[in-house]
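In case it helps, full-length UniProt numbering puts the sequence shown at residues 1 to 331.
Just so it is clear, CB atoms sit at the ideal spot from N, CA and C, and this is done for glycine as well.
For reference, the structure is listed below as structure tokens.
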Amino acid sequence: MSDAVAPQDAARRPLRWGVVGTGGISRQMVSDFALVPDAEVVAVASRDRARADAFADEFDIAGRFTDRSEMFGAVDAVYIATPHVTHFDVASEAIAARRHVLCEKPLGMSEEQVRELTTRAADAGVFLMEAMWMSFNPLIARLVALIGEGVLGEVRSLRAAFGAPFPQDDSSRWKPGGSALLDQGIYPVTLAHTLFGPPDSIRASGTVREDGVDLREEFTLGWADGRFAHGASSMVDWLDTSAAVGGTEAFVTIPRGFWWASQLTVHHHIGRGQHCEEVVEVEREGNGYVPMLRAVVAAVHSGALEHPLHTAATTAAVYRTLDAIRSEITR
């Protein structure tokens, strides 16, 4: 099996991607890959040959495999969208084959797994990143810029949640390794880290089945200077999926689906309890994954092993917080 493509070689032709997993998220991602220059999905792998063929036929993909290790030999980079508990093993195999990796969240089931994958990728000299598309949403970039410009004054709080009652089917989310925290709660936790950095204190409560699958949780992250972030996640009931960021001069609201929203509103205080509103909008490209995919492809072409918007250190810090929340709700 050949080594990973060197930056100077990759720059001469599109980065060849292979997809592991044929679920709904893979369909959305492959659709968005078509909008990214210098990238081409050339193969798909699934244990079920019929699924691999159907997926490949739908998106006109030439390569279809039931053995993912064989697929690794035909691509430069791998996108992983398999059940949560398999991410560590699949990513490890791709890294061992010296292939660049973009892995759906969660990258691992714990901070320990995330750090281990990071070490393996660095040793192999390949790019590795969790597919945290929210971090590349231009609306989040505008939010960070507004805060940096002092528009909100001193930012003191965040509220964000992600919850929906998913169908009680035989999908992996209901099996050991399934987790509302890792599937949905990761979004408010990541946003809190983006705005405030790692927290100094963590309080949480939740509902966990006997087999370890957490169904719902609420958590408050605190910082020594008094800032706080309140979040919640659930896969058994509806939660308000909007977000709000509060400052001493103004506050921001992001409508439902804050992680992929394309609009926010700045509520400027003008005195006597009154506010004027300023709406900020950005363009959504494709299904929303295009900015992330474009950034990843550019990073790989440049020879980088990570992207500054979602680094290995940032990812590990998020999982340290997730581990602490899980510890709180299971004790």
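query: Which whole-angstrom value describes the C-beta separation of Val245 and Leu158, a residue pair presumed to lie in contact below a C-beta threshold of 8 Å?
result: With a Cβ gap of about 5 Å, Val245 and Leu158 count as contacting.
query: Given that a residue counts as buried once 16 or more other Cβ atoms are within 10 Å of its Cβ, and exposed if not, what is Trp17?
result: Under this definition Trp17 is a buried residue.
message: If you follow the beta strand (DSSP E) that Gly24 is in, where does it begin and where does it stop?
response: Going by DSSP, Gly24 is part of no beta strand (DSSP E) but of the alpha helix (DSSP H) stretching over Gly24 to Phe33.
- request: For Leu128, write down the residues that DSSP places opposite it in a beta bridge.
  value: Checking the DSSP bridge columns, you'll see Leu128 partnered with Val101.
- request: List the whole-angstrom C-beta distance separating Thr22 from Val42, where the pair is believed to meet the contact cut-off of C-beta under 8 Å.
  value: Actually they do not touch by this definition, with Cβ atoms about 15 Å apart.
query: In chain order, what residues of the same chain lie with their CB nearer than 7 Å to the CB of Met129, ignoring the 5 residues before and after it?
result: Around Met129, the same chain offers Leu102, Val296, Glu306, His307 and His310 as residues with beta carbons nearer than 7 Å, after the five sequence neighbours per side are excluded.
- request: Report the three-state DSSP secondary structure of Tyr79 (helix, strand or coil).
  value: Tyr79: strand per DSSP, three-state reduction.
message: To the nearest angstrom, how far is the alpha carbon of Tyr79 from that of Arg47?
response: Per the coordinates, the alpha-carbon of Tyr79 lies some 16 Å from the alpha-carbon of Arg47.
message: Can you list, in chain order, the residues of its chain with a C-beta nearer than 6 Å to that of Phe59? Leave out the 5 residues immediately preceding and following it.
response: So the qualifying residues of the chain are Val30.
Limits of the beta strand (DSSP E) - the one that Ala88 falls within: Rather than Ala, the amino acid found at residue 88 in this sequence is Phe. From DSSP, Phe88 is part of no beta strand (DSSP E) but of the alpha helix (DSSP H) over His87 to Ala96.
query: Using the rule of at least 16 other Cβ atoms within 10 Å of the residue's Cβ for burial, across every protein chain shown, is Ile140 buried or exposed?
result: Buried, since its Cβ has 16 or more Cβ neighbours within 10 Å.
message: On a Cα-Cα basis, can you pick out the residue from Ala261, Ser205, Glu277 and Ser262 that is closest to His268?
response: Cα-wise, what sits closest to His268 is Glu277.
message: Below 8 Å on the Cβ atoms is my contact criterion, and I expect Met136 with Ala299 to pass it. Report the Cβ-Cβ distance as a whole number of Å.
response: The identity of residue 136 in the sequence shown is Phe, whereas the question assumes Met. About 11 Å; that fails the 8 Å criterion.
message: Please classify Thr119 as buried or exposed, where buried requires at least 16 other C-beta atoms within 10 Å of its C-beta.
response: By the 10 Å Cβ count, Thr119 comes out exposed.
field: Beta-bridge partners of Thr253, as assigned by DSSP
entry: For Thr253, which the question treats as bridged, DSSP gives the partners Ala244 and Thr265.
- request: Enumerate, from N- to C-terminal direction, the unbroken alpha helix (DSSP H) stretches of 4 or more residues contained entirely within the region 155 to 220.
  value: 186 to 196, all fully within the region 155 to 220.
task: Classify Thr330 as helix, strand or coil using the three-state DSSP reduction.
output: Of the three classes helix, strand and coil, the one that applies to Thr330 here is helix, per DSSP.
C-alpha distance - Thr314 paired with Asp57, whole-angstrom precision: Our two residues, Thr314 and Asp57, have alpha carbons roughly 38 Å apart in a direct line.
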